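Protein chains in written order, with my numbering: chain Y, 25 to 325; chain R, 3 to 187.
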């Protein structure tokens, strides 16, 4: 059994054995020289320079395609190729390809840098005092290049009103997110909600706490020349906060078989209405779920 | 009582055999062409909400997220294939939009283009904000990625890539705000 290599030139003249062997070695050597192997950078971090190692010799083209970049460079094989901080700003998967006679690729991941910003979503912008789970917040940790930082980070949420701390809660981000939900405070006014990330990254939001629904109503009436003037005492919620102006109080007047009602908005803590009625009248008031006392005017009371 | 299996050799005239082989080759070509066309269709997207919290994802929201995520990836593929940001249709906002625009710009400058074909996306909703203003998804994406310099393919692979996705509700759709690939979840 014999091995033979038949290489034939274009004009069909057989090549000598020595030449054949030399040619085979040349092809193998050329193949080795142009087999452009490359090595991914080790644990690259967003916004930091890195290098790709290459093997072989001669010139080649490097392509780097990442989440926010696509670059092409002429390179020398056998030397490491520097990747600038700008080329690696976005965290994620990169494909580095080197092409000479053939193309070889390597993929690698760039990790986010340390947290530098926090996106803090707090709801609602106005919250009634006292209800449970009235205020919620979501904190998302980002590095300076807007990559979501996925390693767990300690977050502290703080709620303060009028200088005193109402709530402080420690959490840890999971996949870049930490959140809380809590009751609002007891008194109306601005509520400051703060998220502290790793101590030095801070975001603050303000929730305006407003009085809840009226808790109880007390009314009083007086007969005048124009009719019966009826008004509430200052209307407050169950925590003692004056309800906001515009809160509607409904006055209902019963005179014999007739019933009439009128809506009056609270203005400077008090709602007022004038009722035109003849004879004895029973007047009551309601706002939301709160019922007021009854007042009898005329007919001896 | 045993029977021996016998193979009967039927002799077919060579002309008929050639025609049969030709027809078979043609049929194979047609079917392979069809299968290529069918495989390179719209992305397949499924969503699981089994692990989500603290808010449940309403069925209507689930449908909208799947619809818009699918649409977004269709347009991402088109944008990177044709190097045109006009195809993004407002489905990417904030950092996701900026990153994609920069990638398209870089590709265009260097004569590169990319193709994401045969996409399969398995989405897991992992966080849905109490007020419903942000949803975080884990996408296990599978696709054929091809990178070309002009018309020359420089890289081709069947890739399985994990993405962390942040979507927020827009005026009439859910939009991608962050699309960040990670080595693993």
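Cβ atoms here follow ideal geometry from the backbone N, Cα and C, with glycine treated the same way. As the structure is a prediction and not an experimental result, all values here were calculated from the model.
Between the C-alpha atoms of residue i and residue j, what's the straight-line distance to the nearest angstrom?
i, j, result
"residue 180(Y)", "residue 192(Y)", "7 Å"
"residue 103(Y)", "residue 59(R)", "52 Å"
"residue 154(R)", "residue 107(Y)", "24 Å"
"residue 218(Y)", "residue 283(Y)", "52 Å"
"residue 132(R)", "residue 146(Y)", "10 Å"
"residue 144(Y)", "residue 183(Y)", "14 Å"
"residue 216(Y)", "residue 127(Y)", "57 Å"
"residue 290(Y)", "residue 300(Y)", "20 Å"
"residue 88(R)", "residue 78(R)", "10 Å"
"residue 70(R)", "residue 177(R)", "7 Å"
"residue 55(Y)", "residue 124(Y)", "At residue 55(Y) the pLDDT is 44, less than 50, meaning the model places this residue with poor confidence and gives no usable figure here."
"residue 194(Y)", "residue 178(Y)", "7 Å"
"residue 129(R)", "residue 56(R)", "7 Å"
"residue 269(Y)", "residue 221(Y)", "39 Å"
"residue 84(Y)", "residue 164(R)", "31 Å"
"residue 228(Y)", "residue 134(R)", "21 Å"
"residue 293(Y)", "residue 235(Y)", "11 Å"
"residue 63(Y)", "residue 167(R)", "29 Å"
"residue 91(Y)", "residue 105(R)", "7 Å"
Indicate whether residue i and residue j have their beta-carbon atoms separated by less than 8 Å.
i, j, result
"residue 126(R)", "residue 50(R)", "yes"
"residue 139(Y)", "residue 115(Y)", "no"
"residue 189(R)", "residue 97(R)", "Limits of chain R in this structure are 3 at one end and 187 at the other, which puts residue 189(R) out of reach."
"residue 129(Y)", "residue 111(Y)", "no"
"residue 174(Y)", "residue 136(R)", "no"
"residue 149(R)", "residue 89(Y)", "yes"
"residue 123(R)", "residue 67(R)", "no"
"residue 287(Y)", "residue 261(Y)", "no"
On the DSSP letters alone, give me the boundaries of the beta strand (DSSP E) that residue i sits inside.
i, result
"residue 241(Y)", "Per DSSP, residue 241(Y) belongs to no beta strand (DSSP E) and is neither H nor E."
"residue 265(Y)", "Looking at the DSSP string, residue 265(Y) is not in any beta strand (DSSP E), and its letter there is neither H nor E."
"residue 135(R)", "Per DSSP, residue 135(R) belongs to no beta strand (DSSP E) and is neither H nor E."
"residue 252(Y)", "252–256"
"residue 98(Y)", "94–100"
"residue 278(Y)", "272–279"
Just confirm the distance between the C-beta atoms of residue i and residue j, as a whole number of angstroms; I'd bet it's less than 8 Å.
i, j, result
"residue 309(Y)", "residue 243(Y)", "5 Å"
"residue 335(Y)", "residue 263(Y)", "Lying outside 25 to 325, the shown extent of chain Y, residue 335(Y) is not represented and no answer is given."
"residue 253(Y)", "residue 298(Y)", "5 Å"
"residue 203(Y)", "residue 149(Y)", "Their Cβ separation, rounded to whole angstroms, is 17 Å, which puts residue 203(Y) and residue 149(Y) out of contact at 8 Å."
"residue 109(R)", "residue 85(R)", "5 Å"
"residue 70(Y)", "residue 199(Y)", "Residue 70(Y) to residue 199(Y), Cβ: 17 Å. No contact."
"residue 255(Y)", "residue 296(Y)", "4 Å"
"residue 273(Y)", "residue 141(Y)", "That pair is no contact at about 47 Å."
"residue 207(Y)", "residue 158(Y)", "6 Å"
How far does the alpha helix (DSSP H) with residue i in it reach, from first residue to last?
i, result
"residue 65(R)", "61–84"
"residue 110(R)", "96–112"
Against residue i, what residues of chain A qualify as contacts under a CB-to-CB distance less than 8 Å, listed in chain order?
i, result
"residue 112(R)", "Protein chains in the displayed structure are Y and R, and chain A is not among them."
Quick one: which residues of the segment 121–133 of chain R get their C-beta closer than 8 Å to a C-beta of chain Y? List them in chain order. 128, 129, 131, 132, 133
Note down, in chain order, all residues in the segment 68–95 of chain Y with a beta-carbon under 7 Å from any beta-carbon belonging to chain R. 87, 89, 91, 92, 93, 94, 95
Residues within the segment 99–125 of chain Y neighbouring chain R, beta-carbon criterion of under 8 Å: 114, 115, 116, 117, 119, 121, 123
Contact set between the segment 158–190 of chain Y and chain R, restricted to residues whose Cβ is under 7 Å from the partner: 160, 162, 170, 171, 172, 174
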